[in-house]
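Residue numbers for the sequence shown follow this note's numbering, so the first one is 672 and each next one is one higher.
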Amino acid sequence: MNGLVNGISFLEFLAWGRYPIRDMQRSTWIRVFLLLSLAGLAPLIPSAAGQKKDLPPVYKKWLEEEVVYIISPLEKQVFGKLQTDRERDLFSEAFWRQRDPTPGTTENEFKTEHFRRINYANYYLGRQSPLPGWKTDRGRIYIILGEPNDIQHFDSGQETYPAEIWFYQNKAEAGLPTGFNIVYFKEHGTGDYKLYSPTRDGPQALLASYLGSPEDVASAYRKLREIEPNLALVSLSLIPGDDSGAFGRPSLSSDLLLQQVESLPEKTVRDQYAQKFLQYKDIVEVEYSANYVDSDSLVKILKASPGAACVHYSIEPANLSVSQYGDKFSTTLTLNGSVKDDAGKVIYQFDKTLPISFREEEVKRISQQPYAIYDVFPLIPGSYDLSILIKNEVSKEFSSLERKLIIPPEEDRAWVTPLLLGYKAEKVEAGRNRLKPFQLGGVSIFAQANRTFTKSEGFILAFQVWGLAQSLRDEAEIVFTFLKDAQPVKSFSRMAAGYPGFPDVVEPVALSEFIPAHYEVRVSVRSGGQEIAAGQDEFDITPLEKMARPWVYSKIMPDISDPIYPFLAGNQLFNSGRYQEARLKLEEAFKKKPEDADYALALARADMTLQDYSRVETLLLPFFGQAKPPRYEMFVLLANAHHRKGEWDRALNVLEQGISHYGLNTSLLNLRGECYLRLGNKTEALRAWEKSLELNSAQPDVQKAVNALKQ
């Protein structure tokens, strides 16, 4: 058989190319993917260039009739990209869920009211129209705004055309005026009621017998005022008290009002969930896919030591659903993280479980607080895409975090880490050698993504300065500048040597002198009058006296001296294709923990890739012959090592042991068949491969091998 990768045959690759490495520190599974491109094995991908299929009638009606006035452009775009009816049903469920004012109840009041409005429009507003009521101007506005507070009817007469004034109030929470009018009229006295615009139509459009100039709006207004004073009041402006129409000119603010009304449904929901639905529909389980919960997130890069950059992140979902059993409230959250390089290759993955429980008194205390999940993990230098899913196993809701990450390489030049603006700082307990999220030296920072602070509390500004030459540390100063509308409002400086934990910088900032507004803070590291490194961020000061801060569930990493750090770095380097560097890191971890099967497996995998087959045997043999059987992956790797050394009998012996412990599977059977073939035993080779095909018939290369033996 042909097709070799690093000197390893395809069937061997099938046997050992993908397996989990267990992270013992976190009880998670780090999945390692070896990407392979073999001629003739590229999957057939359906072309998207063909004509777009028509939607089934039920979904066409849903899109073009039932939600046509309330669906946002993004939601409509996402719906159009869905491929199956099941996906469309789930999206529809998510669509209504996002608009449910009381998600904890069985009824969705928004949905109920929406369909009531459609039924009303069809029954009452389409009676004198060839169009169904929902398609008329009055029907559209009724569906968007609901029942008016008052309606005035102006029947047809000799001097005016039929018209209606719908008055609305108490819509200020939607960004509309406290009170406003919507006017409809029958153009030229016939047809459907049409939405009236003071600038487009003007009072002359309401007059049946107006013979003046179309440009003479003032004259038309005066005549209309003589005939129908109430109708004249709204002919120049739809907004009571709007003085812009006082000089006989139509109000431009009325057209703005009409635009606001038409776009109102888009503003009543954050449609980000639609993009998340499309992004994760093939990843999250079906029962989660319609239940996206919006969230805020914060990601910062800090160093735990000169050679170990860590990604610190916070996810703050909009709500937390829990189940109740007696006086205990609980849920389980799962975190699924993925880091991919710019080529889309998975560099690091993690799964974490967060069991959360409260007593009744705790639930009452924190029910009005937001909550946040803090976590941290090390990452090698490079450019990446971070994606994290957080799933609530009780409510089947999910949130997500996506971010572009840049981990700079080790350089001699000075640089400032991203600024961290926190609302609180706590000293880490002495003797607790653990790495907490958002920890700089001996200080733990508590931060929120919104970076909003009150004048009374101030904030903590934290960052690190790396790469600063030792000769510059005593003379370097750090200049802090605060700007509002791009203009400096405050500036001060500190000597770098004055910070006892330098390169960690933790600076309390008082805000009593600032007014509530949006600000920018800039940090400049200077030496000899020259800027050598800088950083900046933005923040807001609220007029509120107090802000609700989240309760925090924080995952903690071991001390930086723990072998987990070189172990994770080695796996990340391996997944990046940097095998020599990976082996060095994995050796460092293994030397500190040689009894750990995960560490031995990871190092053996690197040695296997680098074709050091004898080293694989040396690493793995100590785990054989013990009371507890070796891990499945150890059988696969050791058998492959013997296979590559031409020790077919020894490879078969290891494979038989693996099968006796873990049963038959395609990986072991495929390698078993190749070993028998190398020994010239075609009968046993054929038996092994045929059994493999019974377990999984979709193995074209194995099928080719079987066909060749049968010829």
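Where is the CB? At the ideal position from N, CA and C, for every residue including glycine.
I'd like to check one pair, residue j with residue i: are the Cβ atoms closer than 7 Å?
{"i": "Ser1225", "j": "Tyr1045", "result": "yes"}
{"i": "Pro1221", "j": "Ala1359", "result": "no"}
{"i": "His1332", "j": "Pro1371", "result": "no"}
{"i": "Leu1076", "j": "Leu1060", "result": "no"}
{"i": "Leu1090", "j": "Phe1048", "result": "no"}
{"i": "Asp1175", "j": "Gly1129", "result": "no"}
{"i": "Leu1339", "j": "Leu1348", "result": "no"}
{"i": "Leu909", "j": "Phe851", "result": "yes"}
{"i": "Leu1309", "j": "Cys1346", "result": "no"}
{"i": "Thr1337", "j": "Ser1368", "result": "no"}
{"i": "Ile1131", "j": "Ala1188", "result": "no"}
{"i": "Ser1070", "j": "Pro988", "result": "yes"}
{"i": "Leu1106", "j": "Met1228", "result": "yes"}
{"i": "Val1010", "j": "Tyr1019", "result": "yes"}
{"i": "Leu831", "j": "Glu897", "result": "It is worth fixing the name first, because residue 831 is Thr in this sequence and not Leu. Taking 7 Å as the Cβ cut-off, Thr831 and Glu897 do not qualify as a contacting pair."}
{"i": "Arg1144", "j": "Ala1167", "result": "yes"}
{"i": "Trp767", "j": "Lys782", "result": "yes"}
{"i": "Leu1004", "j": "Asn1063", "result": "yes"}
{"i": "Lys857", "j": "Tyr864", "result": "yes"}
{"i": "Phe1210", "j": "Leu1292", "result": "no"}
{"i": "Leu1274", "j": "Leu1255", "result": "no"}
{"i": "Val888", "j": "Gly912", "result": "no"}
{"i": "Gly1138", "j": "Ala1219", "result": "no"}
{"i": "Leu1126", "j": "Asn962", "result": "It is worth fixing the name first, because residue 1126 is Lys in this sequence and not Leu. Taking 7 Å as the Cβ cut-off, Lys1126 and Asn962 do not qualify as a contacting pair."}
{"i": "Ser906", "j": "Leu895", "result": "yes"}
Count the other C-beta atoms from every protein chain shown that fall within 10 angstroms of the C-beta of residue i, then say buried if there are 16 or more, exposed otherwise.
{"i": "Leu1366", "result": "exposed"}
{"i": "Glu746", "result": "buried"}
{"i": "Asp1278", "result": "buried"}
{"i": "Arg1165", "result": "exposed"}
{"i": "Ala720", "result": "Summary for Ala720: the model assigns pLDDT 37, below 50, so the residue's position carries little reliability; its value from the coordinates is reported in the next sentence. Result: exposed."}
{"i": "His1313", "result": "buried"}
{"i": "Ile822", "result": "exposed"}
{"i": "Asn841", "result": "exposed"}
{"i": "Ala1379", "result": "exposed"}
{"i": "Ser827", "result": "exposed"}
{"i": "Phe786", "result": "exposed"}
{"i": "His983", "result": "buried"}
{"i": "Pro1237", "result": "buried"}
{"i": "Thr647", "result": "Limits of the chain in this structure are 672 at one end and 1382 at the other, which puts residue 647 out of reach."}
{"i": "Asn901", "result": "exposed"}
{"i": "Asp1083", "result": "exposed"}
Just the Cα atoms here: how many angstroms apart are residue i and residue j?
{"i": "Pro803", "j": "Thr861", "result": "17 Å"}
{"i": "Lys1262", "j": "Ile986", "result": "36 Å"}
{"i": "Tyr791", "j": "Glu735", "result": "18 Å"}
{"i": "Glu1318", "j": "Tyr1284", "result": "11 Å"}
{"i": "Glu1191", "j": "Gly1053", "result": "28 Å"}
{"i": "Arg1286", "j": "Pro1234", "result": "21 Å"}
{"i": "Glu835", "j": "Thr807", "result": "14 Å"}
{"i": "Gln1119", "j": "Ile972", "result": "15 Å"}
{"i": "Glu1252", "j": "Ala1298", "result": "34 Å"}
{"i": "Leu675", "j": "Lys1381", "result": "Residue placement at Leu675 is poorly supported in this model, since its pLDDT is 35, which falls under 50; the coordinates still yield a value, given next. Approximately 24 Å, taken between the alpha carbons."}
{"i": "Thr1024", "j": "Leu1244", "result": "25 Å"}
{"i": "Val854", "j": "Pro1026", "result": "57 Å"}
{"i": "Tyr813", "j": "Asp1156", "result": "42 Å"}
Determine the DSSP secondary structure at residue i, reduced to helix, strand or coil.
{"i": "Tyr1170", "result": "coil"}
{"i": "Tyr832", "result": "coil"}
{"i": "Ala1379", "result": "helix"}
{"i": "Gly797", "result": "coil"}
{"i": "Thr777", "result": "coil"}
{"i": "Pro1229", "result": "strand"}
{"i": "Ser925", "result": "helix"}
{"i": "Phe750", "result": "helix"}
{"i": "Asn1341", "result": "helix"}
{"i": "Lys938", "result": "helix"}
{"i": "Leu1072", "result": "strand"}
{"i": "Ala1298", "result": "coil"}
{"i": "Gly1241", "result": "helix"}
{"i": "Ser743", "result": "coil"}
Is there a Cβ of chain B sitting closer than 7 Å to that of residue i, yes or no?
{"i": "Leu1309", "result": "Going by chain labels, chain B is absent from the structure shown, which holds only one protein chain."}
Any heavy atom of the ligand SAH inside 6 Å of the beta-carbon of residue i?
{"i": "Ile741", "result": "As presented, the structure is devoid of all ligands, the ligand SAH included, so that no description of it is given."}
4-residue-minimum alpha helix (DSSP H) runs that sit fully inside the region 862-901, ordered along the chain | 888-898
With a floor of 4 residues, list each alpha helix (DSSP H) that falls wholly inside the region 1244-1271, ordered by position along the chain.
-> 1250-1263
At what residue ranges does the region 940-1005 contain a whole run of the beta strand (DSSP E), taking only runs of 3 or more?
-> 966-976, 979-988 and 994-996
Within the region 1107-1157, ranges of the beta strand (DSSP E) (whole runs, at least 3 residues) | DSSP runs (the beta strand (DSSP E)) wholly in the region 1107-1157: 1114-1117, 1123-1125, 1130-1137 and 1148-1155.
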